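Notes follow once the structure below has been shown.
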Amino acid sequence: MTQHTFDQFLFVGLPYVCLVIFFLMTIYRYRTQSFSYSSLSSQFLENKQHFWAVVPFHYGVLIVTAGHLLAFLVPRSILIWNTHPLRMFILEVSALAFGFLTLLGMIGLIVRRLGNPKVRAVTVLSDWVLFALLLIQVVLGVSIAVFHPWGAGWFSASLAPYLWSVFLLRPDPTYVAAMPWLVKLHVILAFVIVGYFPFTRLVHVLVIPNPYLWRKTQVVRWYSRR
Amino acid sequence: MNIRSQVSMVFHLDKCIGCHTCSIACKNVWTDRKGAEYMWWNNVETKPGAGYPTTWEDQDKYKGGWEVNGDGKLRIKSTGKLRVVPNIFHNPHMPSMDDYYEPWTYEYEKLFDAPEGADQPIAEPISMVTGKKMSVEAGPNWDDDLGGSPIYAANDPNLNGLTEEQKLQLMSVERLVFFYLPRICNHCLNPVCVASCPSGALYKRGEDGIVLIDQNRCRAWRSCVAACPYKKTYFNWFTGKSEKCILCFPRLETGQAPACFHSCVGRIRYLGVLLYDAERLEEVAKMPDDELVEAQRSMILDPHDPKIIHEARRCGISDDVIESAQRSPVYKFVMEWKIALPPHIEYRTLPMLFYVPPLSPVQASQNGDVVTHTSENLFHDIDNSRVPLKFLANLLGAGHEGPVRYALAKQKAVRWHRRAETVGDVDRELADRMLREADCSREEADAIYRLTSLCTFEDRFVIPPMAREQAIEMMKDPLQEKAETGFGFVGGMRKGL
Ligand code: HEM
Ligand code: SF4
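Protein chains in written order, with this note's numbering: chain A, 11 to 236; chain H, 79 to 575.
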């Protein structure tokens, strides 16, 4: 296989396969097995380590993911912010900090699941696979931040255009093909996780409640009227 | 006015013998499943006692129910609205399995499979969560009948505010006393479980007020478990969904009493419709503690009043439901006789299960070697009863003795009246005086006596027609579903990945 077809496979074929699986399967699962959409909380079984694992992990992962999304959706905003070196430095350091927070939380999640027999009893194979993928992904992310710093700069300049090219159905892998292998792995694994997503507990991310904040306090369901 | 009907309940504590038949009926019908083994939608507690989950009434610990905050707004104590956002990952007030107990079974096969040896084979306890051997440290009803015990009874949160002397009296062996408190979901008018659910999975059924959890919409944010002050929503640790008492709605819809009601040996349970004005919900839930019992009663409407009947019809309540409300035994206990009281109404969820407080043995006074049970005061045994009035008031009167004393005095008057009538060892005049002082007429006393002692199935359970067989046709075609797997899960209930 030439380098070119290899890149085509990893950065064009794989992403589309994963994205198609993601959309079809999440919708299918929601429509046929809505019951299985749950955060599957294990707080009831173990309530002490829970805080120290679940909370840092989520704050970390949510902020880091939000950062990625922002840089992808409005790359210009990041570039403009970064015109000032100090601001760029602050962004870089806080991104790394939240990366480490995610990593620590992730390790906490795994240690907790391994260590507590009750929580282990509700852990299935797909959880372990997911935890492994997520752990590798977070380690990759943090390593990139350490070994290839100033990601806030180059992400917007080269990865964002690649992602856009994928989403606009004009895939152009040349941007990523020139990236260091750490970055390539991170991109590939990201798509793998997206494809694996519908088969895991991660679906809870899609059903986070928001109407709660503005709905009426009490909920009444009538069968016959109104 | 916004009139709604509510299937409501009365438990007559004077008749409860603590046999747990209700709990077993419920367990066998609903919660004998993986993930639900530890749940007792119906449980019976010994009072004074720690209860299930342990000391559930201690809201400093569990933070259940509502509170009125500084600017007069009703607020969920645990999480709610904005506070749910930072707390959704880890609910700070979520009880854990340790607060209930770890369910277990025994290795019964060992009794048959064990190789021949010098010792008798034994069946050791194994956890129903992990499947491993465990040492049993707690269970449901761990403190059953342990009134007086310093480890269990002494931890009852209702002992707050009792004098040291009263507490000692409850704990001393020769005077110790206890009674039973059977509990199910109260199907509250202002359910905090519903209000706390971020997904809107919990709801109150409009037609009959039953509070349910939509299993397809529950996402295990577990706010309801923390919010319910009665700890009557439970987390299924296997399916990752919350579950609760459903008041056996499939039975009610077919005109049968709920399993726990049906099986109750002491016949302590009554069920019937109450009409209430939903418009006044918030106003009533915000009343000061000492007015709450009366305020809740003031929301409940008289189904005989032509104006109310007219208004109820306008609100879409059918004539058969109104008729059923007129025959409701709950209306009699709560509204006409006022001898049934809501549990811990200070949690402000406006529970619709009411308890008739138990009369307890008289506290004897000792005079030298002579033990006497009499006094000048007709109701001395209520004021000096072995279960201090204050204790019952903490449980059933938001800490205020008035309504509890009223209910007990009336019950005592009824007894004396019946003794005067049938046994004849009580002076008729004395009985009449007691009735008068207890705000009760002879007719009323006879009616209370009949519904308490001679009640048939039909007297106890006046189940309104729910007409669900028609309602369901609007959403599904029964004839089509008939040949299929049914209305529920297709392909069976499965744990999510
Ligand atoms: C606003 C969005 C999110 C909310 C509200 C949320 C909420 C939750 C909740 C309530 C749990 C259950 C924790 C427990 O009690 O055991 C959970 C677990 C989990 N979440 Fe999230 N989550 C969100 C986003 C994410 C994201 C973006 C990821 C990662 C890609 C993620 C990955 C996980 C994982 C792996 C677990 C399992 C943790 C464990 O129990 O070991 N979540 N989430
Ligand atoms: S008792 Fe608890 S679960 Fe039942 S309706 Fe009231 S708040 Fe909800």
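We treat Cβ as the ideally placed atom computed from N, Cα and C, and that holds for glycine.
Note that the structure is predicted; figures quoted are calculated from it, not measured.
- At a beta-carbon threshold of 8 angstroms, none of the residues of chain H lie near K194(A); the nearest stands roughly 29 angstroms away.
- The alpha carbon of R41(A) has as its nearest neighbour, out of E321(H), C97(H), N294(H), the alpha carbon of N294(H).
- In the structure shown, the three-state DSSP call for N314(H) is strand.
- The secondary-structure analysis by DSSP pairs L419(H) across a beta bridge with Y433(H).
- For D355(H), the beta-bridge partners assigned by DSSP are I81(H).
- Just measuring C-alpha positions, the residue of A298(H), Y186(H), P307(H), D292(H) sitting nearest V229(A) is D292(H).
- At a cut-off of 7 angstroms between C-beta atoms, N121(H) does not count as an interface residue with respect to chain A.
- Nearest Cα to L352(H) within the set E401(H), H388(H), K319(H): E401(H).
- Taking a C-beta cut-off of 9 angstroms against chain A, the contacting residues of the region 363-394 of chain H are G394, listed in chain order.
- The secondary-structure analysis by DSSP pairs G350(H) across a beta bridge with S86(H).
- Closer than 7 angstroms to the CB of F207(A) there is not a single CB belonging to chain H.
- Any heavy atom of the ligand HEM within less than 5 angstroms of a residue's beta carbon puts that residue on the list, which reads S49(A), S51(A), S52(A), Q53(A), V64(A), V71(A), L119(A), V215(A), I218(A), I166(H).
- With contacts defined as CB atoms closer than 7 angstroms, A545(H) and V88(H) fail to qualify as a contacting pair.
- Annotation for I154(H): the continuous beta strand (DSSP E) segment containing it runs 152-154.
- Here the alpha carbon of G318(H) sits roughly 11 angstroms from the alpha carbon of H214(A).
- One alpha carbon belongs to D177(H), the other to F54(A), and they sit about 10 angstroms apart.
- In summary, no residue of the region 13-29 of chain A has a CB separated from any CB of chain H by less than 8 angstroms.
- Nearest to L467(H) by C-alpha distance, out of P228(H), E321(H), N236(H), M172(H), is N236(H).
- Secondary structure of V74(A) (DSSP, three-state): helix.
- Around the beta carbon of N147(H), a 10 Å sphere encloses fewer than 16 other beta carbons of the protein chains shown; the residue is thus reported as exposed.
- Taking a 10 Å sphere around the C-beta of W138(A), we find fewer than 16 other C-beta atoms and assign the residue as exposed.
- Within chain A, the residues placing a beta-carbon under 8 angstroms from that of K319(H) are F45, S48, ordered along the chain.
- For the pair N264(H) and L216(A), the Cα-to-Cα distance works out to about 33 angstroms.
- When Cβ-Cβ separations below 7 angstroms define contact, T208(H) makes contact with chain A.
- Contact check between the region 243-250 of chain H and the region 259-273 of chain H: fewer than three CB pairs, one atom from each, fall below 8 angstroms, which does not count as touching.
- Around the beta-carbon of K488(H), 16 or more other beta-carbon atoms lie within 10 Å, marking it buried.
- Per DSSP, S402(H) lies in no beta strand (DSSP E); the unbroken alpha helix (DSSP H) holding it starts and ends at 397-404.
- Chain H has no Cβ within less than 7 angstroms of the Cβ of N126(A).
- Non-local beta-carbon contacts of W232(A) in its own chain, meaning distances under 8 angstroms to residues more than five positions away in sequence, are absent.
- Non-local C-beta neighbours of N126(A) in its own chain, meaning closer than 8 angstroms and more than five positions away in sequence, comprise L55, E56, Q59, ordered along the chain.
- Residue range 520-531 is occupied by the alpha helix (DSSP H) that includes S531(H).
- Counting every other CB atom within 10 Å of its CB across the protein chains shown gives G158(H) a total of 16 or more, marking it as buried.
- Taking the beta carbon of T227(A) as reference, the chain H residues within 7 angstroms of it are A273, listed in sequence order.
- Taking the CA atoms as reference points, V27(A) sits about 18 angstroms from V186(A).
- Here N220(A) is exposed, its C-beta having fewer than 16 other C-beta atoms within 10 Å.
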